[in-house]
Amino acid sequence: MYVPFDTLPEESRVWIYQSNRKFSDEEISEIDEALKVFIGNWAAHGSGLEASYQIKYNRFIILAVNQDNQSATGCSIDASVHFIQELEKKYDVDLLDKMNVTFKQGEHITHKPLIEFRKMAKAKSVSANTIVFNNLVNTVGEWQDYWEVPAGESWHSRFF
Numbered sequence: 001m002y003v004p005f006d007t008l009p010e011e012s013r014v015w016i017y018q019s020n021r022k023f024s025d026e027e028i029s030e031i032d033e034a035l036k037v038f039i040g041n042w043a044a045h046g047s048g049l050e051a052s053y054q055i056k057y058n059r060f061i062i063l064a065v066n067q068d069n070q071s072a073t074g075c076s077i078d079a080s081v082h083f084i085q086e087l088e089k090k091y092d093v094d095l096l097d098k099m100n101v102t103f104k105q106g107e108h109i110t111h112k113p114l115i116e117f118r119k120m121a122k123a124k125s126v127s128a129n130t131i132v133f134n135n136l137v138n139t140v141g142e143w144q145d146y147w148e149v150p151a152g153e154s155w156h157s158r159f160f
C-alpha cells in the first residue's frame with residue numbers, strides 16, 4: 001500500500017539504489033509510474049506493505065517500508081530486487097553495484113568506481129569535506145540525517 005514518503009516513521013526501513021548515470025526526465029516519468037504500481041502491489045506473506053519511494057537527483061531510487069505494521073520478508077525483498085533488476089535491463093543502467101561512489105562536485109553529482117574515488121582522495125581531488133551519498137543507511141531517519149554527508153563523516157573516511 002503506497003503512502004506518502006514523508007508520512008513514514010523514522011524507523012522505517014530503506015533501500016537505496018544508485019544509478020551509474022543520470023536518468024532522463026522521460027525515464028524518470030516512466031520509472032515513477034512503474035514504482036507506483038510496484039509499491040501498490042508490494043506484499044509480505046499476502047499482506048500489503050505500507051511503503052513508499054523517492055527518486056532523488058534523477059539518479060537514486062529509495063524504497064521504504066514501515067515495518068511497524070508489516071515487516072518486509074525475504075520474499076518481499078527478493079521481489080523488490082527483481083523489480084530493480086528489471087529497471088536495470090530496461091534502461092541499461094547499473095543500480096545494484098555497491099562498489100561505486102556517488103558524490104557532489106560543486107553543483108554536479110559524480111559517479112565513480114570505488115577504486116577511482118580512492119585514487120581521487122589520494123590525489124586530493126576529493127577531500128573529507130566532499131559531500132558523498134552514504135547508501136548504507138538503513139532507516140528513513142538515518143537517510144534524512146546521514147545520507148548526504150561529508151566523506152569524513154561516513155564509511156568513505158577511510159580514504160582520507
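Take the sequence shown: its letters are residues 1 to 160, numbered as in UniProt numbering.
Ideal Cβ placement from N, Cα and C applies to all residues, glycine included.
The structure presented is a predicted model; accordingly, all values stated were derived computationally and were not measured.
(1) Once you ignore the five residues that flank Phe160 on each side, which residues in its own chain have a CB closer than 8 Å to its CB?
(2) With a CB to CB cut of under 6 Å and the five nearest residues on each side skipped, what residues in its chain are close to Gln70?
(3) Less than 7 Å between the beta carbons of Gln105 and Phe60, yes or no?
(4) Within its chain, find whatever has a CB closer than 8 Å to the CB of Gly40; leave out the 5 residues flanking it on each side and keep chain order.
(5) With DSSP as the reference, identify every bridge partner of Gln144, one or two as the case may be.
(6) Return the chain-ordered list of same chain residues with a C-beta closer than 8 Å to the C-beta of Val93, the five sequence neighbours on each side being excluded.
(7) Flag this pair as yes or no: are the beta carbons of Thr110 and Phe103 separated by less than 7 Å?
(8) Among Ile84, Ala34 and Ile115, which residue has its Cα nearest to the Cα of Met99?
(9) If I follow the unbroken beta strand (DSSP E) through Ala51, where does it start and stop?
(10) Skipping 5 residues on each side, what residues in its chain have a beta carbon closer than 8 Å to that of Asp97?
(11) Are the CB atoms of Leu8 and Ala64 nearer to each other than 7 Å?
(12) Could you tell me which uninterrupted beta strand (DSSP E) segments, each at least 3 residues in length, are contained entirely in the region 13 to 54, listed from first to last along the chain?
(13) Do Val14 and Val149 have their C-beta atoms within less than 7 Å of each other?
(14) Could you check how far apart the C-beta atoms of Ala5 and Ser52 are, in whole angstroms? I think they sit under 8 Å.
(15) Quick one, are the C-beta atoms of Tyr91 and Glu27 less than 7 Å apart?
(16) Starting from His82, trace the alpha helix (DSSP H) both ways and give me its first and last residue.
(17) Please state whether the Cβ-Cβ distance between Tyr146 and Asn134 is less than 7 Å.
Let's see:
(1) Ala121, Ser127, Ala128, Ala151 and Gly152
(2) Ala44, Ser47 and Leu49
(3) no
(4) Met1 and Tyr2
(5) Looking at the DSSP assignment, Gln144 forms no beta bridge with any residue, so it has no partner.
(6) Ser19, Asn20, Arg21, Phe23 and Leu87
(7) yes
(8) Ile115
(9) Ala51 to Lys56
(10) Asn20
(11) yes
(12) 13 to 18
(13) no
(14) Reading the sequence as shown, one finds Phe at residue 5 and not Ala. That pair is a contact at about 4 Å.
(15) yes
(16) Gly74 to Tyr91
(17) yes
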